[in-house]
Structure formats: C-alpha cells, structure tokens
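Undergrad: One structure, as structure tokens, below. Some questions next.
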Amino acid sequence: MNKRIALQLIAGSIAAAALGMGLAACSETKQSFNAVDITGADYAKDFSLKDADGKVRTMADFKGKAVVLFFGYAQCPDVCPTTMTEMAQVKQQLGKDGDKLQVLFVTVDPARDTPEVMKAYMGAFDPNFVALIPTPEELVATAKDFKVYYKKVDGKTPTSYSMDHSAASFIYDTQGRLRLYARYGAGVPSMVSDLKTLLGS
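Going left to right, the sequence shown walks through residues -24 to -1, 1 to 177 as mature numbering (1 follows the signal peptide of the UniProt record, and there is no 0) numbers them.
Right under this line is the structure:
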C-alpha cells in the first residue's frame, strides 16, 4: 500500500468516526415522548383570554412553567372531570416539580361557565388550575387557531344541552413553546414522563 492510499484511508476513517459521533450526539439530544411531538407547529401558539378573576392571560404569564391546556366545560359528564382528576394526580406525582406545572382549562361553554362556576370547578381539582373564559366570539377564534372542535348538542330544555368537543391536551415547555399533543386516555404515567422530560428532571 503506498503512502497516498494509506493517508486517504486514514482520512476516510476519521471522517466516518466523526460522522458516527455526530449521529450519536444527535440521537442523545433527541427527546422521546409518549404524546405526539408537534414541536414547531404553526398553530396554538398563544391566546389572550380572561381568567375567572377577569384578568387577561397570555402564554407569557406562565413562562418558566410547563403548561397543559385543555378545552372542556364544567357540566361535562366524563372526559373533562377525568382529565382534570388525572392532571391533579400528575402534579402530585411530579413532586417538587409539581409547582412548575400549570394547567389551563378553556371553557367551550361560556354561556353557563361563569367566573363563579369555573372558580368552584377548578377548585375541586386544584386551586392553582386556571380557567379561561372566552366570549363567544373569542371562542370561535381560539378554537380555529387551536384546531379544536366544539358543538352544542340540544337537550330536553334550553339549559340542559351538552357540548361535543375535542378531548386532547396541548403541552408547552417552560419557554411557552408548543411541544406536544396528548390524546385523551394517554394516562397519568405517560403524562408524568413527558413533563419530566420537558422540565429536564
């Protein structure tokens, strides 16, 4: 083997090794989640809605915390209370990092979900969970931006209607960036794992 060929082989080996290390580094930094990773999505980036105290809230208010945002309504018989109960369990299982989690509940039934109703509803799960109450016009715009579905289903009386609605949660990192889409029924362990990853713990 002449010197030129030997040098070419050595250079090739070094390049291959460098490429291998680069790929390894990429695989090590790539985060793995249970929920659907939608990092970089061009929707559901922010909102501007009043909470139950009448204060306008945006994503910037929760910077430094992981945020889980859910659309529902107080008279929901199953999906909503189940999700909020699970989120209370998730917060508890996060231990000391539980304080770094903020749960937001956007009502799709602003006609019945008054500030008083929503304060009581959130308080039944965790007093630090925040309810957001859009006007009917804001709800239309917010639902469109978040690509969520909701529809009023008439009941036997004008006030006994129910609401069909999307049942997934949007999860944001501590910088307020949309990262994950968690489908209903994912379970507490999966959510805890994903949030720990986002919180870096």
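The beta-carbon is built from N, C-alpha and C at its ideal position, and this holds for glycine as well.
If we count the other Cβ atoms within 10 Å of its Cβ and call it buried at 16 or more, is Pro112 buried or exposed?
TA: Per the 10 Å Cβ criterion, exposed.
Undergrad: For Asn10, which residues from the same chain have a beta carbon less than 7 Å from its beta carbon, with the 5 sequence-adjacent residues on both sides left out?
TA: Hits under 7 Å: Ala162, Ser166, Ser169, Asp170.
Undergrad: Would you report the Cα separation of Tyr125 and Met139, rounded to the nearest angstrom?
TA: About 10 Å.
Undergrad: Among all the DSSP beta bridges, which residues are the ones paired with residue 179?
TA: Here the chain has residues from -24 to 177 only, and residue 179 is not among them.
Undergrad: Closest by CA to Gly40, which one among Tyr19, Ala96, Gly74, Ser145?
TA: Nearest C-alpha to Gly40: Gly74.
Undergrad: Output the distance between the C-alpha atoms of Phe23 and Leu108, rounded to the nearest integer angstrom.
TA: Their Cα atoms are separated by approximately 10 Å.
Undergrad: Under 8 Å, with one C-beta from each stretch per pair, do the region 25 to 35 and the region 54 to 63 reach the 3-pair mark?
TA: Touching, no.
Undergrad: Using CA atoms only, rank isn't needed, just tell me which of Ala87, Thr150, Gln7 is closest to Pro134.
TA: Taking only the C-alpha atoms, the option nearest Pro134 is Ala87.
Undergrad: Our contact map puts Tyr160 next to Ala143 with C-beta atoms below 8 Å; I'd like the distance itself, whole angstroms only.
TA: Right, their Cβ atoms sit about 4 Å apart.
Undergrad: Beta strand (DSSP E) containing Phe81: first to last residue?
TA: Segment 77 to 83, the beta strand (DSSP E) holding Phe81.
Undergrad: Quick one: what does DSSP say Lys123 is sitting in, helix, strand or coil?
TA: Coil.
Undergrad: Let me know the secondary structure DSSP gives Ser169 once reduced to three states.
TA: Of the three classes helix, strand and coil, the one that applies to Ser169 here is helix, per DSSP.
Undergrad: Alpha carbon to alpha carbon, what distance is there between Gly176 and Ser136?
TA: The alpha-carbon atoms of Ser136 and Gly176 are separated by roughly 45 Å.
Undergrad: Excluding sequence positions up to five away, which residues of its chain have a Cβ less than 7 Å from the Cβ of Lys128?
TA: Closer than 7 Å at the Cβ level, and outside the excluded window around Lys128, lie Tyr137, Met139.
Undergrad: How many whole angstroms separate the CB atoms of Arg155 and Val106, which I take to be in contact at a CB cut-off of 8 Å?
TA: Between Val106 and Arg155 the Cβ distance is about 19 Å, and since that is not below 8 Å, they are no contact.
Undergrad: Any beta-carbon of chain B closer than 7 Å to the one on Asp54?
TA: Structure shown: chain B not included; a single protein chain is present.
Undergrad: Below 8 Å on the Cβ atoms is my guess for Val84 versus Phe122; work out the distance and round it to an integer in Å.
TA: The pair is not a contact, with the Cβ atoms about 11 Å apart (cut-off 8 Å).
Undergrad: Quick one: measure Cβ to Cβ for Thr118 and Gln7, integer angstroms, because I've assumed they're closer than 8 Å.
TA: With 8 Å as the limit, Thr118 and Gln7 do not qualify as a contact, their Cβ atoms being about 28 Å apart.
Undergrad: According to DSSP, which residues form a beta bridge with Ala107?
TA: BP columns for Ala107 point to Phe81.
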